[in-house]
Amino acid sequence: MAGKQISLPRREPAPFPIVPVANFPKGAYLANMKRRELGHSEDHRRLELALESAGLGEFAWDPRSNSYIVSPRMAAITGLPEGDNPAVDGRVLQPHVHPDDAVRIHAETAAAAQRGGAFQFEFRYLRPDDGRMVWLRTAGVIALGADGRPNGFTG
């Protein structure tokens, strides 16, 4: 191996300064991290305010636990319990869809689950807590696994 040159692939310059570990500026680094953290919390606060003012709730289905996670806002809109709810193949809202909309929503949900990606549905919904009928519009994204089956959705 002596005298043999090794050719390494050329690398583009880093888009940030490279600081040797031995001379790491701890104070400046921590201050930058805190600024980023505060910026993220400010972004999160603005997002929460926008969701609340728009009357939107969030949900997610986790197929590993087969639970449907309902945000506090979503719970207020739908009458479902906040937090983890048991789901059968991600279905928590479907049992409460108005009977006149049930066949259409079932077909639209099946088609969306097969193709994956973005979806949106509008339907009448019977709240399980008080029986009132409300109109719901759900929108989100269905992620498909390597086997082509849904491996989660959020909206």
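So the sequence shown is numbered by my numbering: it starts at 510 and just counts up by one.
Just so you know, even glycine gets a beta-carbon here, dropped at the ideal spot from N, CA and C.
Tell me whether the beta-carbon of F630 lies closer than 7 Å to the beta-carbon of W570.
no
With distances taken Cα to Cα, identify the nearest neighbour of A596 among A620, E557, V579 and E561.
V579
For I651 and R633, the rounded distance between their alpha carbons:
22 Å
Using only the alpha-carbon positions, how far apart do E619 and E557 sit?
Note that residue 619 is Ala in the sequence shown, not Glu. Cα to Cα, the separation comes out at about 31 Å.
Confirm, please, whether the CB-CB distance from V601 to I614 is below 7 Å.
no
Status (buried if at least 16 other CB within 10 Å, exposed otherwise) for G566
buried
Distance CB(A622)-CB(P659) smaller than 7 Å:
yes
Where E567 falls: helix, strand or coil (DSSP):
coil
According to DSSP, is D485 helix, strand or coil?
For the chain, the structure presents residues 510 to 664; residue 485 sits outside this window and is missing.
Just the C-alpha distance for L653 and G626, rounded to the nearest angstrom, thanks.
8 Å
Distance between E561 and D552 (C-alpha atoms, nearest Å)
14 Å
Find out if the Cβ-Cβ distance for the pair G664, G640 is shorter than 7 Å.
no
What number of angstroms, rounded off, separates the C-alpha of T647 from the C-alpha of F568?
10 Å
Could you have a look at E551 and say whether DSSP puts it in helix, strand or coil?
helix
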